[in-house]
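Enquirer: Residue numbers (the working numbering), protein chains in the order written: chain A, 428 to 561; chain B, 249 to 581.
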Amino acid sequence: MITHPTSGELLDAVSRFLEQQVAPQMKDRDAFLIRVAINALATVKREGEKGVAIEADARTRMAALLGHDGTADALEVELCDLIRSGQIPDDDPALIAHLRASAVARIGIDQPGYSGLKAALEITSTAGDSEWAT
Amino acid sequence: MEIDTLAVALARLAPNLTPGGTLTGEPRRLSGGASQETWAFEVAGPGGVTRPLILRRRPDGLPTDTSRTATLSTEAALIRAAGVAGAPVPNVPHVCTEEDGLGEAYVMDRVDGEALGKRIVRDAVFAGARPGLARQCGEVLAAIHAVPLEGLPPLSMSDAAAELDKYEAIYRTSNAHRPVFELAFKRLRRGSGPAPVRTLVHGDFRNGNLMIHPEAGLAAVLDWELSHIGDPAEDLGWLCVNSWRFGEYSKPVGGFGAYADLLAGYEMAGGAPIALERVLYWQTLGSLKWGVMCLIMYAAFASGADASVERAMIGRRVSETEIDLMNLLRRAP
Numbered sequence: 428m429i430t431h432p433t434s435g436e437l438l439d440a441v442s443r444f445l446e447q448q449v450a451p452q453m454k455d456r457d458a459f460l461i462r463v464a465i466n467a468l469a470t471v472k473r474e475g476e477k478g479v480a481i482e483a484d485a486r487t488r489m490a491a492l493l494g495h496d497g498t499a500d501a502l503e504v505e506l507c508d509l510i511r512s513g514q515i516p517d518d519d520p521a522l523i524a525h526l527r528a529s530a531v532a533r534i535g536i537d538q539p540g541y542s543g544l545k546a547a548l549e550i551t552s553t554a555g556d557s558e559w560a561t
Numbered sequence: 249m250e251i252d253t254l255a256v257a258l259a260r261l262a263p264n265l266t267p268g269g270t271l272t273g274e275p276r277r278l279s280g281g282a283s284q285e286t287w288a289f290e291v292a293g294p295g296g297v298t299r300p301l302i303l304r305r306r307p308d309g310l311p312t313d314t315s316r317t318a319t320l321s322t323e324a325a326l327i328r329a330a331g332v333a334g335a336p337v338p339n340v341p342h343v344c345t346e347e348d349g350l351g352e353a354y355v356m357d358r359v360d361g362e363a364l365g366k367r368i369v370r371d372a373v374f375a376g377a378r379p380g381l382a383r384q385c386g387e388v389l390a391a392i393h394a395v396p397l398e399g400l401p402p403l404s405m406s407d408a409a410a411e412l413d414k415y416e417a418i419y420r421t422s423n424a425h426r427p428v429f430e431l432a433f434k435r436l437r438r439g440s441g442p443a444p445v446r447t448l449v450h451g452d453f454r455n456g457n458l459m460i461h462p463e464a465g466l467a468a469v470l471d472w473e474l475s476h477i478g479d480p481a482e483d484l485g486w487l488c489v490n491s492w493r494f495g496e497y498s499k500p501v502g503g504f505g506a507y508a509d510l511l512a513g514y515e516m517a518g519g520a521p522i523a524l525e526r527v528l529y530w531q532t533l534g535s536l537k538w539g540v541m542c543l544i545m546y547a548a549f550a551s552g553a554d555a556s557v558e559r560a561m562i563g564r565r566v567s568e569t570e571i572d573l574m575n576l577l578r579r580a581p
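#1: What does DSSP give as the partner residues of B/F289 in its beta bridges?
#2: I want to verify the contact list: residues of chain B whose CB lies under 8 Å from the CB of A/E517, in sequence order.
#3: One question on the structure: do A/V504 and B/H425 come within less than 8 Å of each other, judged by their Cβ atoms?
#4: Ordered along the chain, which non-local residues of its own chain (more than five positions away) have a Cβ less than 7 Å from that of B/T286?
#5: Given A/D496, which residues of its chain have a CB within under 7 Å of its CB, disregarding the five upstream and five downstream residues?
#6: Does the stretch 560-567 of chain B come close enough to the stretch 535-544 of chain A that 3 or more CB-CB pairs lie under 8 Å?
#7: Return the chain-ordered list of same chain residues with a C-beta closer than 6 Å to the C-beta of B/G513, the five sequence neighbours on each side being excluded.
#8: Using a cut-off of 7 Å between C-beta atoms, extract the partners of A/T498 located in chain B.
#9: Would B/L254 pass as a contact of B/L326 if the rule is Cβ separation under 8 Å?
#10: As a quick exercise: from A/R511, A/G494, A/E482 and A/D518, pick the residue whose alpha carbon is nearest that of A/V531.
#11: Give the residues of chain B in contact with A/I550, contact being defined as C-beta atoms less than 9 Å apart.
#12: Taking B/P379 as the reference, which of B/A390, B/L466 and B/P427 has the closest Cα?
#13: Short of 8 Å Cβ to Cβ, which residues in the stretch 501-515 of chain A face chain B?
#14: Assuming the contact rule is C-beta atoms closer than 8 Å, B/C344 and B/A353 should be a hit. Round their C-beta distance to whole Å, please.
#15: In whole angstroms, what separates the C-alpha of A/G543 from that of B/N423?
#16: Mapping the DSSP letters down to three states, classify B/M459 as helix, strand or coil.
#17: Check the Cβ-Cβ distances between B/R495 and every residue of chain A, and say whether any is below 8 Å.
#18: Measuring alpha carbon to alpha carbon, tell me which residue in B/D452, B/I460 and B/A408 is nearest B/P442.
#19: Helix, strand or coil for B/A468? Go by DSSP, reduced to three states.
#20: List in chain order: all unbroken alpha helix (DSSP H) runs of 4+ residues lying wholly within the stretch 497-544 of chain A.
#21: Are the beta-carbon atoms belonging to B/G351 and B/R306 less than 8 Å from one another?
#22: For a test of your reading of the model: does the CB of B/A508 fall under 7 Å from any non-hydrogen atom of the ligand PLP? Yes or no.
#23: If the cut-off is 7 Å on Cβ atoms, which residues from the stretch 534-547 of chain A count as contacting chain B, listed in chain order?
#24: Would you report the Cα separation of B/A324 and B/E482, rounded to the nearest angstrom?
#25: Quick one: what does DSSP say B/G485 is sitting in, helix, strand or coil?
#26: Does any CB atom of chain B fall closer than 8 Å to the CB of A/V463?
#27: For B/L573, does the count of other Cβ atoms within 10 angstroms reach 16, so buried, or fall short, so exposed?
#28: Under 7 Å Cβ-Cβ, which residues of chain A neighbour B/N490?
#29: What does a CB cutoff of less than 6 Å around B/T322 pick up in its chain, not counting 5 residues either side in sequence?
#30: Take A/D446 and list the residues in its own chain whose beta-carbon comes closer than 7 Å to its own, dropping the five residues that flank it on each side.
#31: How far does the beta strand (DSSP E) with B/P275 in it reach, from first residue to last?
#32: Is the beta carbon of A/L522 closer than 8 Å to that of A/L492?
#33: What does a CB cutoff of less than 6 Å around B/D313 pick up in its chain, not counting 5 residues either side in sequence?
Below, the structure is given as structure tokens:
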């Protein structure tokens, strides 16, 4: 890994600059777009920290589901085909568990504050049912 | 349209909106949908009374025939028909003709209130209105679904099967491989039988398109461009999609209310009873649709048609719909 600075530190520096020096001067649509830009950098940072591990985990789960290894992309294409053709039943518990774990991992990179993640973790911890019971 | 050309045309139109009226101040472009332009302007009457108005127009160079949305004259006719049926809608004093020089457009009176979803679910000023909103939404949807279809301009027909066909075709051409979407299409196909009744469907009835007044609650239903004939449960399900709850996920109706209140309001106002299962079905289809829309919007970035950071980042909202879909689909069908 390249250090002094790391890519994460560079992203932090750019984010801070945008947030503290640039954002206060922006108006209207640009004020909105600078927020989006800062969010994009935060997403890149999280992906840099966790992306490789998340993909490796997904690959391990998919290899177990499909019975063979491959690149994560190839396994994902195959999984799509098998769901579509019905060769993997759409209520298969291992399939559901994999898709759920992948969705939790991806939203953790893209939008960790998104309420759907909170709801998913709540469902896991309490086996509660806020969605259906209300 | 250039603001100067627009101002000249609105100045010419002003006396038709208020007898003896004149355009006062500059028209202001409001942010919002890319498919329509929305302008705020004011006409001053001879007595010194100012009438706050909105012009909604199709942007230049966006041909009607390639758009899947209703024409603006259709939209205006639907707003008027929904108003007659008892739904709160803006008054539409004028539908533009060619002589107005404004293109495809109509004028409506401005309605007091707030349409920004985040404020509606969080701001203290709406704390009094929030508890009644889900029921009000149910009542208003019942009124919209009761609009007689005879006399309406021609509208497209779309039920669950047609929506799934449309969005699956778009997903396939995107060349994205999203196993969660595959699962959702597969599961939703099973429940896509024909709707028990077909009614006018607003098509985009969600927090963000509803004008909310701090005291009166639901003051106007906006953005009728996706209206069609279809399954009335579609409107109830779309309102409950988590993406428009603005963080208030434990209040499934728009981030402000409970399913039971929405359904009770609907039935009390004469709507044919809709089972919660059916609302959840359309809510699931709604999350899937929004996910596919995020993919299309990202495609505009990938093709270079819109190189903005906003377009790029909307692609990362696909995972928001995937977590919502898994929360809904985790149970056996």
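For glycine and all other residues, C-beta sits at the position ideal for the given N, C-alpha and C.
Expert: Result, derived from the coordinates:
#1: B/L301
#2: Note that residue 517 of chain A corresponds to Asp in the displayed sequence, not to Glu. Residues of chain B passing the Cβ test: L431, K434, R435 and P581.
#3: yes
#4: L278, G280, I302 and R304
#5: A490
#6: yes
#7: R383, G386 and E387
#8: The premise fails here: A/T498 is roughly 12 Å from chain B at the closest Cβ pair, so nothing lies under 7 Å.
#9: no
#10: A/E482
#11: N575 and R578
#12: B/L466
#13: E503, V504, L506, C507, I510, R511 and G513
#14: 4 Å
#15: 26 Å
#16: strand
#17: The question names Arg, yet the displayed sequence has Gly at residue 495 of chain B. Yes, its Cβ sits closer than 8 Å to a Cβ of chain A.
#18: B/A408
#19: strand
#20: 499-512 and 520-537
#21: yes
#22: Within the structure as shown, the ligand PLP is missing, as the structure has no ligands at all.
#23: I534, D537, Q538, Y541, S542, G543, L544, K545, A546 and A547
#24: 22 Å
#25: helix
#26: yes
#27: buried
#28: S542 and G543
#29: P401
#30: One detail in the question is off: residue 446 of chain A reads as Glu in this sequence, not Asp. Same-chain partners within the cutoff: I465.
#31: T270 to L278
#32: yes
#33: Low confidence applies here, because B/D313 scores a pLDDT of 47, under 50, leaving its location unreliable; read the following figure in that light. Excluding sequence neighbours, B/D313 sits near nothing in its chain.
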